[in-house]
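Numbering (this note's numbering), first residue to last: 1370 to 1564.
For glycine and all other residues, C-beta sits at the position ideal for the given N, C-alpha and C.
Report on the structure given below.
What follows is the structure, given as structure tokens:
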């Protein structure tokens, strides 16, 4: 309840040009975010459905997963899952089938990242009104914390600046890759994007 009140105060205090939703942690918080979307202005909504930590530790139980697919995914403009998250959200296996299921559930567009696949290149797929547009990126060495958050936040920023979707997607992918390329270590854990 405090979270909802704080969010409403922000909405009342300043103009909001886009909403980026990230780690929710529980169905209760997801429900509050759903309530917030009912009072938010009609701005682009980007959802990064974080279901596990970078090291693979699950961050979303079945209750949260159910709420996401039933109530939040249908209300967003762009969903930015990695392939593992897309498979978990849909029960499908191929990227195209995952995207089709997500689009059928109501979200308007899907930016599906291939960062968690075992391949020499990272293949990202944007499913929008014109079908699927693939972009390929050199796979960088190392493991990164925050790559999906960086992508979703950068995409939301581009949409907040009124960039056309194709331009916002292209910019977000490029800037995210560059921030990972220039990433740095804080201790011995995953690399952190240089944002």
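Going by C-alpha to C-alpha distance, which of the options sits closest to residue i?
i, options, result
"residue 1525", "1431, 1482, 1391, 1500", "1391"
"residue 1454", "1488, 1550, 1559, 1419", "1419"
"residue 1516", "1489, 1481, 1499", "1481"
"residue 1432", "1546, 1399, 1534", "1399"
"residue 1586", "1519, 1492, 1405", "Residue 1586 is absent from the structure shown; the chain starts at 1370 and stops at 1564."
"residue 1385", "1556, 1373, 1409", "1409"
"residue 1413", "1564, 1534, 1560, 1549", "1534"
"residue 1506", "1545, 1457, 1463, 1438", "1545"
"residue 1536", "1463, 1489, 1495", "1495"
"residue 1401", "1468, 1377, 1382", "1377"
"residue 1488", "1521, 1452, 1502, 1460", "1452"
"residue 1434", "1417, 1446, 1447", "1417"
"residue 1374", "1389, 1406, 1395", "1406"
What does residue i pair with, by DSSP beta-bridge criteria?
i, result
"residue 1554", "1560"
"residue 1504", "1493"
"residue 1390", "1416"
Less than 8 Å between the CB atoms is what I'm expecting for residue i and residue j, so what's the real figure, rounded?
i, j, result
"residue 1443", "residue 1476", "6 Å"
"residue 1560", "residue 1552", "4 Å"
What first and last residue would you give for the beta strand (DSSP E) that runs through residue i?
i, result
"residue 1481", "1478-1481"
Where does the unbroken alpha helix (DSSP H) through residue i begin, and where does it stop?
i, result
"residue 1409", "Here residue 1409 belongs to no alpha helix (DSSP H), and DSSP marks it neither H nor E."
"residue 1371", "1371-1382"
"residue 1527", "1516-1529"
Self-check item: Those runs of the alpha helix (DSSP H) which lie wholly inside the segment 1431-1476 and span at least 4 residues
Solution: Fully enclosed alpha helix (DSSP H) runs of 4 or longer: 1431-1436, 1452-1459, 1464-1473.
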